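Heads up: the structure comes next, in structure tokens.
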Amino acid sequence: MNKSRTFLFYMFILPWLIGFFIFTAGPMIYSLYMSFTDFSGLGTANWVGLENYKKLFTEDPLFWQSLWNTIFYTIFGVPLGLVVGYMLAVLLNANVKFMGVFRTIFYLPSLVPTVASSLLWIIIFQPDFGIANAILDFFHLPTSNWLLSEEMVKPSLIIMSLWGAGGGMVIYLAGLQSVPASLYEAAELDGAGRFKKFWHITVPMTSNVIFFNLIMGLIGSFQIFTQAYVVSSGNGGPNYKSLFYVFYLYQDAFKFFKMGYASALAWILFIIILIFTLIQFKVFGRKVYYEYDE
Amino acid sequence: MGKKKGLGILVLSLILVLSAFMTGCSGSSSDSAGGGGSKDVTLRILVWNNNPEGTKLEGEIFKAFEKENPGIKVKQVYAPYDKFNDKFLTMSAGGDQPDLVWIQPAAFGQFVGKNVLMDLSDKKIDKDAYMPNVLELGQVKGKQYALIRDASTFQLGYNKDMFDAAGVPYPKDDWTWDDFLAAAKKLTKQKNGKTVQFGMENFYTNELLVENGGGFVSQDGNSVIVDSPESIEAIQFGSDLINKHHVQPTSAQSQGLSNMFLAGQAAMKMMGPWDWADTAKNAKFKWDVVPLPAGKAGNVSAAAYLPIGIGKGTKHPEEAFKLLTFLSSGKGQDMQIDTISAVPVVKRNSDKIETMKNAPENAKSLAASLANGKTVMNAPYIPEYAEIANKIQPVIDNINLKGGKDTEKQLKKIADQIRKEYNLK
Chain A
1 MNKSRTFLFY MFILPWLIGF FIFTAGPMIY SLYMSFTDFS GLGTANWVGL
51 ENYKKLFTED PLFWQSLWNT IFYTIFGVPL GLVVGYMLAV LLNANVKFMG
101 VFRTIFYLPS LVPTVASSLL WIIIFQPDFG IANAILDFFH LPTSNWLLSE
151 EMVKPSLIIM SLWGAGGGMV IYLAGLQSVP ASLYEAAELD GAGRFKKFWH
201 ITVPMTSNVI FFNLIMGLIG SFQIFTQAYV VSSGNGGPNY KSLFYVFYLY
251 QDAFKFFKMG YASALAWILF IIILIFTLIQ FKVFGRKVYY EYDE
Chain B
1 MGKKKGLGIL VLSLILVLSA FMTGCSGSSS DSAGGGGSKD VTLRILVWNN
51 NPEGTKLEGE IFKAFEKENP GIKVKQVYAP YDKFNDKFLT MSAGGDQPDL
101 VWIQPAAFGQ FVGKNVLMDL SDKKIDKDAY MPNVLELGQV KGKQYALIRD
151 ASTFQLGYNK DMFDAAGVPY PKDDWTWDDF LAAAKKLTKQ KNGKTVQFGM
201 ENFYTNELLV ENGGGFVSQD GNSVIVDSPE SIEAIQFGSD LINKHHVQPT
251 SAQSQGLSNM FLAGQAAMKM MGPWDWADTA KNAKFKWDVV PLPAGKAGNV
301 SAAAYLPIGI GKGTKHPEEA FKLLTFLSSG KGQDMQIDTI SAVPVVKRNS
351 DKIETMKNAP ENAKSLAASL ANGKTVMNAP YIPEYAEIAN KIQPVIDNIN
401 LKGGKDTEKQ LKKIADQIRK EYNLK
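Protein chains in written order, with the UniProt record's numbering: chain A, 1 to 294; chain B, 1 to 425.
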């Protein structure tokens with residue numbers, strides 16, 4: 001009986017397994033092989049050993065530039081996104097009239113396709129007649145060139161990403177609603193105030209959701225591409241300050257047709273994300289609470 | 001019992017997976033066959049949009065070809081100008097290559113280097129039909145990889161009403177950078193500290209370089225010349241137009257705006273004959289054209305021509321060549337004069353420029369520039385050129401953005417970097 005159950009188990013996940021090996025694992029291994037060649041996407045691939053990796057680390061300033069851009073975006077963007085999303089979720093967890101409407105309003109931006117929202121933000125950030133500068137101007141604050149300024153282009157992209165914080169918010173909301181009310185009641189009896197309840201009950205009880213969003217946010221942030229591609233018209237400007245890692249990878253693969261080189265870039269990114277994720281599990285993993293914990 | 005049920009589901013799911021694969025495959029193969037049962041051949045030609053009006057009119061030429069060649073259909077596939085080369089190479093790598101392709105001269109060397117174009121050297125080409133030097137534009141190392149459809153150049157289009165209002169005399173065919181700058185200054189108008197009318201929409205760096213005898217890479221493809229004194233002066237002049245004289249909008253001022261010339265926000269604009277139809281239809285003012293102002297190299301401008309190639313992977317080489325012939329030396333050459341105002345490349349139509357449809361008054365200046373060899377080829381046909389240009393452009397963008405205080409230093413730096421990376425002089 002047990003044996004046939006095992007057999008059935010594998011049979012049932014077979015469609016997924018087939019898909020995984022054909023569409024994910026296969027191409028991954030192929031790209032690992034390609035990263036040791038000079039494959040151009042057209043024609044034949046010649047084995048060049050570690051040449052691609054050597055060039056990346058020693059000769060390519062754009063590799064380091066794009067890596068730095070991505071790390072900057074991640075370090076500031078992900079925590080900000082977490083906080084904003086979480087705060088929105090806490091506010092929208094209150095018992096107020098028309099809560100559904102508010103939740104919809106804050107969730108909607110994350111449904112807008114990235115290309116469309118990026119085009120929208122280009123207009124908002126337009127230095128001459130955009131609304132961002134108009135508002136700053138009204139309060140007599142210094143204005144900015146936003147997406148056209150070397151210093152501000154990354155912060156601008158982070159602001160854009162916060163607009164989509166509603167996506168994480170929904171997951172937080174689900175987490176918040178699963179916190180048992182009895183805990184709050186017990187804490188109130190013990191004389192805990194609002195802040196204490198939030199800090200000692202809400203946050204720990206939803207730590208698994210926060211952790212989930214942290215990891216997903218980090219992985220997503222390392223792969224930022226579309227927004228930067230649209231706002232810089234595909235060139236990563238000004239002065240490569242919005243050339244993110246995957247963006248540069250894309251340029252190498254589909255603009256310069258250096259598929260081998262791009263494959264090497266992809267594998268380095270894979271390893272970077274893996275390391276970051278492992279670090280997070282080590283640092284935060286133990287502090288996370290799961291309901292089904294032993 | 002339970003076991004049987006499990007097996008049934010298993011078989012069912014396997015069938016589902018397999019059928020998904022099968023439909024996937026058959027779907028794509030019927031796509032590429034095109035005709036769907038009938039014997040018709042469908043040729044796909046990859047093109048970009050110059051402007052909405054031109055694209056619409058372009059279709060009439062293909063319709064005429066279809067009428068003349070029953071059984072062959074032509075389908076235009078569009079890609080935006082700045083993503084065009086990526087798209088063609090991606091389609092080629094993905095086994096979905098279009099049968100014919102428009103080519104940007106700057107990418108010609110790259111295409112040939114990647115071996116994605118068909119060698120046309122052995123085909124029957126009516127060599128005597130073409131004007132001098134036209135066939136050569138489609139050759140790389142002596143082999144014919146493309147035929148030219150139109151050969152022209154950029155000029156400056158200007159808004160006559162604005163010149164009248166500002167009391168500036170119309171530009172002459174032999175004007176210089178100084179004349180241009182003086183006119184542009186008078187044509188720039190401010191209101192409440194904001195510029196409401198610019199003298200110039202956007203002076204392309206490439207044209208400034210040509211007018212001053214500079215460039216990115218020398219035409220033989222051997223040396224980097226972007227840091228030559230002529231190039232530095234040209235790039236500095238372009239930056240000064242924006243940052244010192246304020247006669248051309250900064251990228252901040254023009255971000256999100258398209259065609260400020262037609263919108264009446266700029267008095268002058270780079271313009272080729274392919275823009276005439278669109279301008280004639282949409283301009284609400286009187287306009288004319290004039291050759292580009294002269295830098296150190298005189299009133300010259302970059303040769304703007306359209307090579308068309310055949311994809312190496314085409315399944316219909318004969319039909320594709322038939323269409324290419326129709327476009328580059330056949331009836332298409334006669335039709336394009338009256339529809340899209342594209343300058344013909346065949347001898348029999350060499351006198352038609354001034355009478356082309358939508359031709360402005362001074363169209364004869366274009367004819368004169370072309371006849372007198374005032375156009376300069378400045379995109380060497382080496383495989384690395386597209387990549388090199390891609391690396392230099394951001395530096396120039398940055399100079400234009402930052403005001404160009406260290407133009408020379410920046411250009412020297414990128415030039416040396418490229419010399420080292422691509423082993424050039």
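Here a beta-carbon is modelled for each residue, glycine too, at the ideal position from N, C-alpha and C. All values derive from a computational prediction rather than experimental measurement.
Assigned secondary structure, residue i (DSSP; H/G/I helix, E/B strand, else coil)
{"i": "B/D393", "result": "Looking at the sequence itself, residue 393 of chain B is Gln, so the reference to Asp does not match. Correct three-state label for B/Q393: helix."}
{"i": "B/G311", "result": "strand"}
{"i": "A/A134", "result": "helix"}
{"i": "B/A33", "result": "Per-residue confidence for B/A33 stands at a pLDDT of 42, beneath the threshold of 50, marking its modelled position as unreliable; the derived number appears in the next sentence. Three-state DSSP puts B/A33 in a helix."}
{"i": "B/G27", "result": "Legend: pLDDT at B/G27 = 40, less than 50; position of this residue unreliable, no value from coordinates given."}
{"i": "B/K87", "result": "helix"}
{"i": "A/F225", "result": "coil"}
{"i": "A/M205", "result": "helix"}
{"i": "B/F21", "result": "For B/F21, the predicted structure reports a pLDDT of 47, less than 50, and the residue's modelled location is therefore unreliable. A value from the coordinates is still provided. Of the three classes helix, strand and coil, the one that applies to B/F21 here is helix, per DSSP."}
{"i": "A/G100", "result": "helix"}
{"i": "B/Q219", "result": "coil"}
{"i": "A/L176", "result": "helix"}
{"i": "B/A184", "result": "helix"}
{"i": "A/A165", "result": "coil"}
Distance between residue j and residue i (C-alpha atoms, nearest Å)
{"i": "A/V230", "j": "B/N202", "result": "21 Å"}
{"i": "B/D227", "j": "B/Q76", "result": "40 Å"}
{"i": "A/H200", "j": "A/S161", "result": "29 Å"}
{"i": "B/V116", "j": "B/D122", "result": "17 Å"}
{"i": "B/A33", "j": "B/I45", "result": "Any reading at B/A33 must be qualified, since the residue scores a pLDDT of 42, below 50, and its modelled position is unreliable; no value is offered."}
{"i": "A/G167", "j": "A/F20", "result": "27 Å"}
{"i": "B/W177", "j": "B/E233", "result": "12 Å"}
{"i": "B/T407", "j": "B/A389", "result": "17 Å"}
{"i": "A/I159", "j": "A/Y86", "result": "16 Å"}
{"i": "B/A415", "j": "B/K425", "result": "10 Å"}
{"i": "B/T55", "j": "A/V96", "result": "55 Å"}
{"i": "B/N243", "j": "B/L401", "result": "8 Å"}
{"i": "B/N206", "j": "B/A304", "result": "11 Å"}
{"i": "A/F276", "j": "A/I224", "result": "16 Å"}
{"i": "A/S118", "j": "A/N235", "result": "15 Å"}
{"i": "A/V170", "j": "A/L214", "result": "14 Å"}
{"i": "B/K73", "j": "B/G95", "result": "21 Å"}
{"i": "A/S35", "j": "A/I219", "result": "22 Å"}
{"i": "A/L189", "j": "A/K197", "result": "11 Å"}
{"i": "A/S110", "j": "A/G77", "result": "16 Å"}
{"i": "A/M259", "j": "B/G113", "result": "15 Å"}
{"i": "A/W163", "j": "B/P394", "result": "29 Å"}
{"i": "B/L187", "j": "B/P249", "result": "13 Å"}
{"i": "A/Y248", "j": "A/E59", "result": "15 Å"}
{"i": "B/F21", "j": "A/L17", "result": "With a pLDDT of 47 at B/F21, under the threshold of 50, the modelled position of that residue is not reliable, and the figure given next carries that caveat. Going by the C-alpha atoms only, they are around 15 Å apart."}
Under 8 Å between C-beta atoms of residue i and residue j
{"i": "A/I131", "j": "A/I124", "result": "yes"}
{"i": "B/N299", "j": "B/D179", "result": "no"}
{"i": "B/I340", "j": "B/W274", "result": "yes"}
{"i": "B/I103", "j": "B/A151", "result": "no"}
{"i": "B/L156", "j": "B/M270", "result": "yes"}
{"i": "A/P61", "j": "B/D397", "result": "no"}
{"i": "B/V224", "j": "B/K185", "result": "no"}
{"i": "A/L269", "j": "A/F222", "result": "yes"}
{"i": "B/P380", "j": "B/S218", "result": "yes"}
{"i": "B/V210", "j": "B/S301", "result": "yes"}
{"i": "A/K3", "j": "A/N69", "result": "no"}
{"i": "B/N133", "j": "B/F285", "result": "no"}
{"i": "B/G313", "j": "B/S92", "result": "yes"}
Ranges of the alpha helix (DSSP H) found wholly within the region 260-293 of chain B, counting only runs of at least 4: 276-282, all fully within the region 260-293 of chain B.
Note down, in chain order, all residues in the region 125-139 of chain A with a beta-carbon under 7 Å from any beta-carbon belonging to chain B. Under the 7 Å Cβ criterion, the region 125-139 of chain A contributes Q126, P127 and D128.
Residues in the region 31-43 of chain A having any Cβ partner in chain B nearer than 7 Å: S40, G41, L42 and G43
Report the residues of the region 89-102 of chain B with a CB closer than 8 Å to any CB of chain A, ordered along the chain. L89, T90, S92 and A93
Could you list the residues in the region 110-134 of chain B with a C-beta less than 8 Å from some C-beta on chain A, going in chain order? Within the region 110-134 of chain B, the qualifying residues are K114, N115 and V116.
Name the residues in the region 242-269 of chain A whose C-beta lies less than 7 Å from a C-beta of chain B; which are they? F254, K255, F256 and F257
Cβ-based contacts, 7 Å cut-off: residues of the region 140-151 of chain A near chain B: N145 and L148
Can you pull out the residues from the region 16-27 of chain A whose beta carbon lies closer than 7 Å to at least one beta carbon of chain B? I18
At which residue ranges does the region 228-268 of chain A contain complete alpha helix (DSSP H) runs of 4 or more residues, listed in the order of the chain? If only complete runs of 4 or more residues are kept, the region 228-268 of chain A shows the alpha helix (DSSP H) at 245-254, in order along the chain.
Below 9 Å between beta carbons is the criterion; list the residues of the region 294-317 of chain B that meet it against any residue of chain A, in chain order. none
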